[in-house]
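Take 13 as the starting number for the sequence shown in this note's numbering and just add one per residue.
Note that CB positions come from ideal geometry on N, CA and C, so glycine has one too.
Have a look at the structure below, then the notes.
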Amino acid sequence: MNDAFLRACRGEKTPFTPIWIMRQAGRYLPQYQKIRADVDFLTLCKTPELAATVTKQPVDILGVDAAILFSDILIPAEKMGLELHFPENGGPVFKNPVRDIAAAKALRVIQPQEDVPYVLETIKILVKELNVPLIGFAGAPFTVLTYIVEGGGSKNFIHTKTMMHTNPALFNTIMDVITQSTIVYLSAQIEAGVHAIQLFDTWAGVLSATDYRNWVFPYVKKTINALTPPLSLVQPHLGVPIIYFVNNCAGILHIAADSGADVIGVDWRIDIDDAINRSRQMPIQGNLDPCVLFSTRPYIQVAAKSIVLKASGAKGHIFNLGHGILPETPVDNVKALVDTVHEMKK
Ligand code: CP3
Numbered sequence: 013m014n015d016a017f018l019r020a021c022r023g024e025k026t027p028f029t030p031i032w033i034m035r036q037a038g039r040y041l042p043q044y045q046k047i048r049a050d051v052d053f054l055t056l057c058k059t060p061e062l063a064a065t066v067t068k069q070p071v072d073i074l075g076v077d078a079a080i081l082f083s084d085i086l087i088p089a090e091k092m093g094l095e096l097h098f099p100e101n102g103g104p105v106f107k108n109p110v111r112d113i114a115a116a117k118a119l120r121v122i123q124p125q126e127d128v129p130y131v132l133e134t135i136k137i138l139v140k141e142l143n144v145p146l147i148g149f150a151g152a153p154f155t156v157l158t159y160i161v162e163g164g165g166s167k168n169f170i171h172t173k174t175m176m177h178t179n180p181a182l183f184n185t186i187m188d189v190i191t192q193s194t195i196v197y198l199s200a201q202i203e204a205g206v207h208a209i210q211l212f213d214t215w216a217g218v219l220s221a222t223d224y225r226n227w228v229f230p231y232v233k234k235t236i237n238a239l240t241p242p243l244s245l246v247q248p249h250l251g252v253p254i255i256y257f258v259n260n261c262a263g264i265l266h267i268a269a270d271s272g273a274d275v276i277g278v279d280w281r282i283d284i285d286d287a288i289n290r291s292r293q294m295p296i297q298g299n300l301d302p303c304v305l306f307s308t309r310p311y312i313q314v315a316a317k318s319i320v321l322k323a324s325g326a327k328g329h330i331f332n333l334g335h336g337i338l339p340e341t342p343v344d345n346v347k348a349l350v351d352t353v354h355e356m357k358k
């Protein structure tokens, strides 16, 4: 197996900088669109053979150094007792947002084997077939909470922040059940065979540093601690690298760096050498602006090389975009990026 990605996660030397791309399976690939034309998104996530096929597409088409399980961060939220929809061409929608204690208390901790057998089955297929490591994932508790409380995507997170500020007991009740579900969900993914985990904290960066530190960070730590030996609450065998991706991280990176994760993933709004210093030299993942992939080939090459050079002092560097790849991205430009990063031998 090509283990450059796992070596970089552990801070070991690699012959080249490994690269994978957040949201690398998806609508920018014609091969994905072809499969998606006949099946809705949730059915695709819940059909192991199809989910495994689209997971492998970017590995074969782009030559990336890791695969990420095809699923969604909201799949376990559905099994906590919520009705989830993905309207065509729209973001996720929860019909009945959780905004009072009765609704919060009705949420249940998922049982992965019974509730999401298709996720574990997809992992088992993939670990037999892939020649690169497989990344499992979950949303970080706060990011999942925002969707459950707002009822979908949000611009200003008014319901979420007001709950945090005026009814912390309710906020904590929801965070607690999400955290418990996330721990058992990720443990089951590890047991099924994933080689690494990424925790997506897409919306942590909308908070003040004080709110993040007080209300959100403890749950991130709890999740990661539960998966990390020797503190593992769940299984003794857990020891896969954990990547904590924090979008819009600049104001909270100094806090997020203490999560206990092996790698910190950062967005593009911060220079990667600055992020390395502010995270106190932990292995780093990132951080090209996804919009650079709409520019010219020479521009992409210069921007990618600049990031690799700025990260050359890091204990480990995994190249990635600073957030998910956008649906309209030209595939040839993505290939050029992967080749550029690989050609810069160490
Ligand atoms: O290739 C991969 O990265 C693996 C699959 C994956 C998806 N979603 C598939 C998907 C992963 C890792 C995610 C994570 C995810 N989902 C996040 C965190 C990362 C991020 O981008 O911030 C979030 C916030 C979600 C929630 C979500 N799912 C939204 C807001 C949307 C709609 C808008 C969008 O970004 O596409 C989705 C739908 C979704 N998840 C699609 C895919 C391929 C598009 C579905 C389709 O129409 O085919």
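Rounded straight-line distance, which links the Cα of residue j to that of residue i
{"i": "V121", "j": "Y311", "result": "47 Å"}
{"i": "Y44", "j": "A181", "result": "43 Å"}
{"i": "A323", "j": "I288", "result": "8 Å"}
{"i": "V350", "j": "A118", "result": "46 Å"}
{"i": "K317", "j": "D344", "result": "18 Å"}
{"i": "D50", "j": "A221", "result": "44 Å"}
{"i": "P27", "j": "V105", "result": "44 Å"}
{"i": "M356", "j": "P339", "result": "27 Å"}
{"i": "G263", "j": "D279", "result": "12 Å"}
{"i": "S271", "j": "P99", "result": "35 Å"}
{"i": "V139", "j": "L239", "result": "20 Å"}
{"i": "N259", "j": "N101", "result": "23 Å"}
{"i": "T214", "j": "V131", "result": "22 Å"}
{"i": "V228", "j": "L321", "result": "33 Å"}
{"i": "G38", "j": "Y159", "result": "21 Å"}
{"i": "V246", "j": "I87", "result": "Low local confidence applies: a pLDDT of 49 at V246 is under 50, so the model's placement there is unreliable, and no value is given."}
{"i": "I135", "j": "V206", "result": "7 Å"}
{"i": "V76", "j": "I47", "result": "21 Å"}
{"i": "D24", "j": "T178", "result": "Going by the sequence as given, residue 24 is Glu instead of Asp. One C-alpha to the other measures close to 46 Å."}
{"i": "I113", "j": "T65", "result": "41 Å"}
{"i": "T191", "j": "H171", "result": "20 Å"}
{"i": "I236", "j": "I254", "result": "8 Å"}
{"i": "H97", "j": "V128", "result": "17 Å"}
{"i": "S244", "j": "S307", "result": "Residue placement at S244 cannot be trusted, given a pLDDT of 49 that sits under 50; what the coordinates show is reported in the next sentence. If you take the alpha carbons of S244 and S307, they lie about 45 Å apart."}
{"i": "F183", "j": "A348", "result": "45 Å"}
{"i": "T67", "j": "Q123", "result": "24 Å"}
{"i": "I73", "j": "D52", "result": "23 Å"}
Spatial neighbours of residue i in its chain, beta-carbon cut-off 8 Å, leaving aside the 5 residues before and after
{"i": "N332", "result": "I31, W32, I33, M34, G277, Q297, G298, N299, L300"}
{"i": "P248", "result": "In this predicted model, P248 has a pLDDT of only 41, less than 50, meaning its place in the structure is not dependable enough to derive any value."}
{"i": "T155", "result": "I85, F212, D213, T214, W215, A216"}
{"i": "R303", "result": "In the sequence on display, residue 303 carries Cys and not Arg. Excluding sequence neighbours, C303 sits near L338."}
{"i": "P42", "result": "V343"}
{"i": "S83", "result": "C57, A63, V131, T134, F149"}
{"i": "P153", "result": "M187, I190, T191, T194, V228, Y231, V232, T235"}
{"i": "M176", "result": "F183, D223, W227"}
Nearest-angstrom Cβ-Cβ length linking residue i and residue j, presumed shorter than 8 Å
{"i": "V189", "j": "M92", "result": "7 Å"}
{"i": "I209", "j": "V252", "result": "6 Å"}
{"i": "V232", "j": "Y256", "result": "7 Å"}
{"i": "A63", "j": "Q125", "result": "A63 to Q125, Cβ: 17 Å. No contact."}
{"i": "P145", "j": "L18", "result": "5 Å"}
{"i": "L157", "j": "I186", "result": "6 Å"}
{"i": "I284", "j": "I319", "result": "5 Å"}
{"i": "P70", "j": "I137", "result": "About 16 Å separates the two Cβ atoms, so there is no contact after all."}
{"i": "G163", "j": "P109", "result": "4 Å"}
Beta-carbon proximity list for residue i, same chain, < 6 Å, skipping 5 on both sides
{"i": "K107", "result": "E95"}
{"i": "H266", "result": "R290"}
{"i": "T341", "result": "Y40, L305"}
{"i": "G165", "result": "G103"}
{"i": "H354", "result": "F28"}
{"i": "D167", "result": "The sequence shown places Lys at residue 167, rather than the Asp named in the question. Closer than 6 Å at Cβ, skipping near neighbours: no residue."}
{"i": "A78", "result": "F17, W32, V144, P145, I147"}
{"i": "D274", "result": "C21, P253, I254"}
{"i": "T352", "result": "Q313, A316"}
{"i": "V218", "result": "F169"}
{"i": "I80", "result": "I147"}
Identified DSSP bridge partners for residue i
{"i": "H97", "result": "V105"}
{"i": "I254", "result": "I209"}
{"i": "Q297", "result": "G277, I330"}
{"i": "S33", "result": "Looking at the sequence itself, residue 33 is Ile, so the reference to Ser does not match. Paired residue(s): none; I33 is not in a bridge."}
{"i": "A79", "result": "L146"}
Cutoff 7 Å; reference residue i; Cβ partners in own chain excluding five residues on either side
{"i": "A20", "result": "T26, P30, P295, G328, H329, I330"}
{"i": "T58", "result": "Just to set this straight, residue 58 is Lys in the shown sequence, not Thr. Cβ within range, chain order: Y130."}
{"i": "N14", "result": "D77, N143, V144"}
{"i": "A204", "result": "L132, I135, K136"}
Please give me, in chain order, every unbroken run of the alpha helix (DSSP H) with length at least 4 that falls completely inside the region 310-355.
With a minimum length of 4 residues, the continuous alpha helix (DSSP H) runs that stay inside the region 310-355 are 343-355.
Output the residue ranges of the beta strand (DSSP E) runs that lie fully inside the region 144-176 and measure 3 residues or longer, sorted by chain position.
Counting only runs that start and end inside the region 144-176, the beta strand (DSSP E) elements of at least 3 residues fall at 146-151.
Start-end ranges of the beta strand (DSSP E) lying completely within the region 15-61, minimum 3 residues:
Entirely contained in the region 15-61, not one beta strand (DSSP E) run reaches 3 residues.
At 3 residues or longer, what runs of the beta strand (DSSP E) sit wholly inside the region 187-237?
Taken in chain order, the complete beta strand (DSSP E) segments of 3 residues or longer contained in the region 187-237 are 208-213.
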